[in-house]
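Participant: I am attaching a structure below and will ask some questions about it afterwards.
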Amino acid sequence: MTRLVTAIIKPFKLDDVKAALEGLGVQGMTVSEVSGFGRQKGHTEVYRGAEYRVDMVPKVRVEVLTDDHQALDIVESIVKAARTGKIGDGKVWVTSVDHMVRVRTGERDTDAL
Amino acid sequence: MDNGYYAWMIVATAFVLMMTTPALALFYGGMTRTKSVLNIMMMSFVAMGVVGIVFVLWGWSEGWGADGAGNANGQLIANPFHEFGLLHVSSSNFIYVLFQLTFAVITVALISGSIADRVKIGSWVVFCVLWVTLVYLPIAHNIWGGGWFAAHFPNLDYAGGTVVHINAGVAGGVLALVIGRRKGWPRDVGRPHNLTLTMIGAGLLWMGWYGFNVGSIVFTSGSLSSSAKFTAQFQGETGVTFLNTTIATMAAMLAWMLVERIRNGKATSLGAASGVVAGLVAITPSCGSVNTLGALCIGAVAGAVCAVAVGLKYKVGLDDSLDVVGVHLTGGIIGALLIGFFGTLLSPQGLDGLFPSGGGGLFYGGNATLLWHQFLGVVFTIVWCGVLTALIGLAIKHTMGWRITPEAEVEGIDYDQHGESAYDWGTSSGSHVVGASSGSHVAGTSSGSPVVKEGAAP
Chain V
3 MTRLVTAIIK PFKLDDVKAA LEGLGVQGMT VSEVSGFGRQ KGHTEVYRGA
53 EYRVDMVPKV RVEVLTDDHQ ALDIVESIVK AARTGKIGDG KVWVTSVDHM
103 VRVRTGERDT DAL
Chain C
5 MDNGYYAWMI VATAFVLMMT TPALALFYGG MTRTKSVLNI MMMSFVAMGV
55 VGIVFVLWGW SEGWGADGAG NANGQLIANP FHEFGLLHVS SSNFIYVLFQ
105 LTFAVITVAL ISGSIADRVK IGSWVVFCVL WVTLVYLPIA HNIWGGGWFA
155 AHFPNLDYAG GTVVHINAGV AGGVLALVIG RRKGWPRDVG RPHNLTLTMI
205 GAGLLWMGWY GFNVGSIVFT SGSLSSSAKF TAQFQGETGV TFLNTTIATM
255 AAMLAWMLVE RIRNGKATSL GAASGVVAGL VAITPSCGSV NTLGALCIGA
305 VAGAVCAVAV GLKYKVGLDD SLDVVGVHLT GGIIGALLIG FFGTLLSPQG
355 LDGLFPSGGG GLFYGGNATL LWHQFLGVVF TIVWCGVLTA LIGLAIKHTM
405 GWRITPEAEV EGIDYDQHGE SAYDWGTSSG SHVVGASSGS HVAGTSSGSP
455 VVKEGAAP
C-alpha cells in the first residue's frame with residue numbers, strides 16, 4: 003500500500019527536516035513554497051499610516067511518497083525535526099494513494115517508489 | 005549669454021525630464037499593485053508625450069508668449085497662436101522653452117497618482133490636453149509669465165510650489181472626487197507591490213529636483229548688465245538654492261520617519277521616500293527666499309505634517325490613491341505660506357528685489373504683506389484649478405467616460421488597457437502562440453490578500 007506524507011512546516015526548518023528524512027533513507031521528496039494560515043494568523047503592516055492585515059503566512063510544504071511500513075517513522079522524524087514549540091510549527095498528515103506509476107518505466111504502486 | 009549658465013540649463017532641463025520618466029513612474033509604480041503597475045507608469049509616459057507636444061505647439065505661446073521669456077502682458081492668458089510652434093522664438097532660446105516644458109509635463113504626470121488603477125488611457129490623453137491648456141498654462145502665466153495675478157500681487161514661487169504642486173494636488177483631489185473610489189476601497193486597498201522601485205524613484209526625484217530648483221534662477225537686469233555681476237548672482241544664488249533644497253529634504257525625510265516611529269512604532273521605507281518628496285515639494289517655492297535655518301524648519305514641518313495629512317483621505321472617504329493631496333497639495337501650501345514667516349531680504353530673491361513692499365517674512369522683520377501675497381497666490385491657484393478641473397473632469401465623465409469596467413479593475417488594468425502583465429511569475433502560466441493575436445491571460449497574484457482595516461488611519 004502506498005502512502006503520501008504531507009507536511010506544512012516553517013520555512014527555516016526545511017534543512018533540518020530534509021536531513022532527518024535523508025537519515026531515514028528517503029529517496030525523494032517534493033518541496034513547495036506555500037502560504038496560508040492556522041492559529042498563528044498573519045501580521046500587520048503599516049503603509050503611510052494605514053494598517054494592512056496580511057492574513058497569509060509563508061510556509062513550506064514537503065511531500066514524500068512512501069510505503070505503509072515507513073510512513074509513521076517519517077511522520078515522527080518530521081515532527082521531531084520541525085518542532086520549535088512555538089505557535090505556527092505546522093502539521094503533518096498521511097493519506098492513502100490509490101494508484102501510482104513511475105513515468106520512465108511504467109512500474110506500478112510500491113514498485114514505483 | 006554666459007556659456008556656463010547655458011550649459012547648466014541644458015543639464016537642468018534633462019534632469020527635470022528624468023523626474024517624470026523614469027523617476028515619478030518608478031515612485032508611483034512601486035506603490036501600486038502588480039496588476040496595475042504598467043498603467044500608472046504609462047500615465048507618466050503618456051503625459052510626457054502629449055503635454056510636451058501641446059507645450060511646443062501652443063503651450064509656450066499661451067503661458068509665456070515671448071522670445072524665451074514671459075511677455076508680461078498683465079492679462080489672464082497670453083495669445084496661444086502668437087508663438088504657435090515657437091514661431092518667433094530664437095533657437096538659442098529653445099532651451100528655456102524646453103525647461104518650462106518639463107515642468108508642465110511633470111505637473112500633469114503628478115495628478116495621475118490620485119486616480120491610479122481605474123481610468124481609461126484614452127480619457128487620460130484627452131485630460132492631459134485640456135488640463136494643461138485650461139489650467140496649467142494660465143496659472144503659469146499668472147504666477148511666472150507676467151500675467152494679471154503677478155502684476156497685482158507679486159508672489160514668491162521660486163520653482164513651482166503653486167504652479168506645480170498645489171496645482172497638481174488640487175487637480176488630483178478634484179479628479180478623485182469626480183471619478184470616484186476604486187472598487188473595494190477602503191476595505192481592500194492593496195499594499196505597495198514593490199517598494200524598492202519607490203525608493204529608487206524617490207532618489208531619482210531628489211537628484212532631478214536640483215535641475216528643477218537650481219535651474220529656476222532668473223537673472224536681474226542689473227546682473228545682465230555686467231559679466232562680474234552675472235557671475236556673482238549665478239554662483240551666489242545657485243549655492244543657496246542647492247543647499248536649501250538639500251537640507252530641507254533631509255529634514256523632511258527624518259521628520260516623517262520620526263512621526264511614524266512615535267505613532268506606529270517603526271519608521272518605514274515608504275515613509276522615508278514620501279518624506280523626501282514632501283520636503284522637496286515644500287522647498288520648491290521657498291528655496292530662493294529663505295536661509296539655511298529657514299529651509300531646515302520648512303523641511304521638518306513639511307515632513308511631519310504630510311506624514312499626518314496622508315491619513316486624512318480615510319476620514320473623508322476620498323480615494324486619492326497615491327496621496328497627491330496629502331503630499332503635493334499639503335507640502336506646496338506649507339512651502340508657499342512659510343515664506344511669509346521665514347522669507348528674508350538677505351536671500352537671493354530678497355537681494356534681487358523680488359519681495360513685495362513690506363520687507364521679509366514675519367520672523368525676519370517684515371510685516372504681513374508677504375504672507376498675505378503668498379496666501380493669495382495659494383487661493384488663486386486652488387480656485388482656478390479647482391473650478392476648471394471639476395469642469396474638465398465632469399465633461400469627460402459625461403462624454404467618453406473615465407472608468408474601466410469593475411471586472412477589469414479587479415482583473416487588473418494593465419491587461420485591460422495595455423494587454424500586458426508587468427511580471428512573469430511562473431514558467432508554466434502561458435505559452436507563445438505563433439501567428440495568433442490573442443493568448444491566455446492568468447490574472448491575480450499567488451501570495452497573500454492583504455486587507456486594510458476599516459478606518460485604520462492614524
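Those protein sequence lines, which keep their order, are chains V and C.
Numbering of the first sequence is given in the numbering used here, commencing with residue 3 and proceeding in unit increments.
Numbering of the second sequence is given in the numbering used here, commencing with residue 5 and proceeding in unit increments.
The beta-carbon is built from N, C-alpha and C at its ideal position, and this holds for glycine as well.
Keep in mind it's a predicted model, so treat the numbers as computed, not measured.
Tell me which residue opens and which closes the alpha helix (DSSP H) that Y419 (chain C) is part of.
Facilitator: Your numbering for residue 419 (chain C) matches position 415 in the second sequence. Premise fails: Y419 (chain C) is in no alpha helix (DSSP H) and is neither H nor E.
Participant: Check whether the Cβ of A52 (chain V) lies closer than 8 Å to any Cβ atom in chain C.
Facilitator: On the first sequence, position 50 is the one that residue 52 (chain V) refers to. Chain C, which has a Cβ nearer than 8 Å to the Cβ of A52 (chain V), makes this yes.
Participant: Should A116 (chain C) be labelled buried (16 or more other beta-carbon atoms within 10 Å of its own) or exposed?
Facilitator: Counting from one through the second sequence, the residue named residue 116 (chain C) turns up at place 112. Correcting the residue identity first, residue 116 (chain C) is Ser in this sequence and not Ala. S116 (chain C) is buried by the Cβ-count criterion.
Participant: Within this structure, are the beta carbons of A282 (chain C) and N217 (chain C) separated by less than 8 Å?
Facilitator: In the second sequence, residue 282 (chain C) corresponds to position 278, counting from 1. In the second sequence, residue 217 (chain C) corresponds to position 213, counting from 1. For A282 (chain C) and N217 (chain C), no; Cβs fall outside 8 Å.
Participant: Taking beta-carbon pairs under 8 Å, can you tell me which members of the stretch 268-298 of chain C lie near chain V?
Facilitator: Against chain V - using a Cβ distance shorter than 8 Å - the residues of the stretch 268-298 of chain C are N268, K270, T272, L274, G275, S278.
Participant: Would you decide whether F14 (chain V) is buried or exposed? Buried here means 16 or more other CB atoms lie within 10 Å of its CB.
Facilitator: Indexing the first sequence from 1 puts residue 14 (chain V) at position 12. Flag for F14 (chain V) reads exposed.
Participant: Between V193 (chain C) and chain V, is the shortest Cβ-Cβ distance under 8 Å, so that the two count as touching?
Facilitator: Counting from 1 along the second sequence, the entry for residue 193 (chain C) is found at position 189. It does: the Cβ of V193 (chain C) has a partner Cβ on chain V nearer than 8 Å.
Participant: Quick one: using the 10 Å Cβ neighbour count with 16 as the cut-off for buried, is S278 (chain C) buried or exposed?
Facilitator: Counting from 1 along the second sequence, the entry for residue 278 (chain C) is found at position 274. Classification for S278 (chain C): buried.
Participant: Shortest alpha-carbon distance to I183 (chain C) belongs to which of C:D161, C:P158, C:V263, C:A120?
Facilitator: For the purposes of this step, residue 183 (chain C) is identified with residue 179 of the second sequence, where counting begins at 1. Checked all of C:D161, C:P158, C:V263, C:A120; the closest Cα to I183 (chain C) is C:A120.
Participant: Could you tell me whether the Cβ atoms of I343 (chain C) and I170 (chain C) are closer together than 8 Å?
Facilitator: For the purposes of this step, residue 343 (chain C) is identified with residue 339 of the second sequence, where counting begins at 1. For the purposes of this step, residue 170 (chain C) is identified with residue 166 of the second sequence, where counting begins at 1. No, the pair does not count as a contact, with Cβ atoms beyond the cut-off.
Participant: Return the chain-ordered list of same chain residues with a C-beta closer than 6 Å to the C-beta of L228 (chain C), the five sequence neighbours on each side being excluded.
Facilitator: Along the second sequence, one-based indexing puts residue 228 (chain C) at 224. Same-chain partners within the cutoff: there are none.
Participant: Please work out which residues of its chain come closer than 8 Å, Cβ to Cβ, to M404 (chain C), disregarding the five sequence neighbours upstream and downstream, and give them in chain order.
Facilitator: Against the second sequence, residue 404 (chain C) aligns to sequence position 400. Once the five neighbours on either side are set aside, the close Cβ partners of M404 (chain C) are K124, G126, S127, V130.
Participant: Is it right to say V456 (chain C) is buried, meaning 16 or more other beta carbons lie within 10 angstroms of its own, or is it exposed?
Facilitator: Position 452 of the second sequence, counted from the first residue, corresponds to residue 456 (chain C). Any reading at V456 (chain C) must be qualified, since the residue scores a pLDDT of 45, below 50, and its modelled position is unreliable; the value itself is stated next. V456 (chain C) is buried by the Cβ-count criterion.
Participant: Would you call the CB atoms of R195 (chain C) and E47 (chain V) closer than 8 Å?
Facilitator: What you label residue 195 (chain C) is simply residue 191 of the second sequence in a count that begins at 1. What you label residue 47 (chain V) is simply residue 45 of the first sequence in a count that begins at 1. Taking 8 Å as the Cβ cut-off, R195 (chain C) and E47 (chain V) qualify as a contacting pair.
Participant: When you compare the CB positions of D324 (chain C) and S40 (chain C), do they come within less than 8 Å of one another, or not?
Facilitator: Residue mapping note: residue 324 (chain C) aligns to position 320 of the second sequence, counting from 1. Residue mapping note: residue 40 (chain C) aligns to position 36 of the second sequence, counting from 1. No; because the gap between Cβ atoms is not below 8 Å, this pair is not in contact.
Participant: With 8 Å as the threshold, decide whether the Cβ of V33 (chain V) is near any Cβ in chain C.
Facilitator: Within the first sequence, numbered from 1, the residue matching residue 33 (chain V) stands at position 31. False, the Cβ-Cβ gap to chain C never drops below 8 Å.
Participant: If the cut is a Cβ gap below 8 Å, which residues of chain V does D121 (chain C) touch?
Facilitator: Translated into the one-based positions of the second sequence, residue 121 (chain C) becomes position 117. Per Cβ cutoff of 8 Å: no residues; D121 (chain C) is ~15 Å from chain V at best.
Participant: Return yes when the Cβ of V139 (chain C) is within less than 8 Å of the Cβ of L392 (chain C), no when it is not.
Facilitator: Residue numbering aside, residue 392 (chain C) sits at position 388 when the second sequence is read from its first letter. Residue numbering aside, residue 139 (chain C) sits at position 135 when the second sequence is read from its first letter. In contact: L392 (chain C) and V139 (chain C) (Cβ atoms closer than 8 Å).
Participant: Within the continuous beta strand (DSSP E) that includes H45 (chain V), where are the two ends?
Facilitator: One-based indexing of the first sequence puts residue 45 (chain V) at position 43. From DSSP, the beta strand (DSSP E) with H45 (chain V) extends over 45-49.
Participant: Less than 8 Å separating the beta-carbons of W68 (chain C) and N77 (chain C)?
Facilitator: By 1-based counting over the second sequence, the position of residue 68 (chain C) is 64. By 1-based counting over the second sequence, the position of residue 77 (chain C) is 73. Contact flag unset, no.
Participant: Does the count of Cβ pairs from the stretch 354-370 of chain C and the stretch 407-416 of chain C closer than 8 Å reach three?
Facilitator: No: the two stretches stay apart, fewer than three of their Cβ pairs being nearer than 8 Å.
Participant: With a threshold of 8 Å between beta-carbons, can S441 (chain C) be considered close to chain V, or not?
Facilitator: The sequence position of residue 441 (chain C) within the second sequence is 437, counting from 1. Because the pLDDT at S441 (chain C) is just 49, under 50, the model does not fix this residue reliably, and the point stays unresolved.
Participant: Within a Cβ cutoff of 6 Å, which residues of the same chain sit near I10 (chain V), ignoring the five residues on either side of it in sequence?
Facilitator: Residue numbering aside, residue 10 (chain V) sits at position 8 when the first sequence is read from its first letter. Same-chain partners within the cutoff: K61, R63, G92, K93.
Participant: Tell me the rounded alpha-carbon separation between G275 (chain C) and Y214 (chain C).
Facilitator: Along the second sequence, read from residue 1 onward, the residue named residue 275 (chain C) stands at position 271. Along the second sequence, read from residue 1 onward, the residue named residue 214 (chain C) stands at position 210. Roughly 21 Å between the two C-alpha positions.
Participant: Which residues, in chain order, does the stretch 48-75 of chain V contribute to contact with chain C at a C-beta distance below 8 Å?
Facilitator: Of all residues in the stretch 48-75 of chain V, V48, Y49, R50, G51, A52, E53, Y54, R55, V56, D57, M58, P60 have a Cβ within less than 8 Å of some Cβ in chain C.
Participant: By the 8 Å beta-carbon criterion, what residues does the stretch 295-328 of chain C contribute toward chain V?
Facilitator: Listed by position along the chain: A311, V312, V314, G315, Y318, D327.
Participant: Report back the beta-carbon spacing between L209 (chain C) and F31 (chain C) to the nearest angstrom; my notes put them in contact at under 8 Å.
Facilitator: Within the second sequence, residue 209 (chain C) is the residue found at index 205, counting from 1. Within the second sequence, residue 31 (chain C) is the residue found at index 27, counting from 1. 6 Å between Cβ atoms; contact.
Participant: Quick check: is the beta carbon of P84 (chain C) nearer than 8 Å to any beta carbon in chain D?
Facilitator: You won't find chain D in this structure, because its protein chains are V and C.
Participant: With DSSP as the reference, identify every bridge partner of L67 (chain V), one or two as the case may be.
Facilitator: Counting from 1 along the first sequence, the entry for residue 67 (chain V) is found at position 65. Answer is V:L6.
Participant: Does the beta carbon of P352 (chain C) sit closer than 8 Å to a beta carbon anywhere in chain V?
Facilitator: Within the second sequence, numbered from 1, the residue matching residue 352 (chain C) stands at position 348. Answer no: the Cβ-Cβ gap between P352 (chain C) and chain V never drops below 8 Å.
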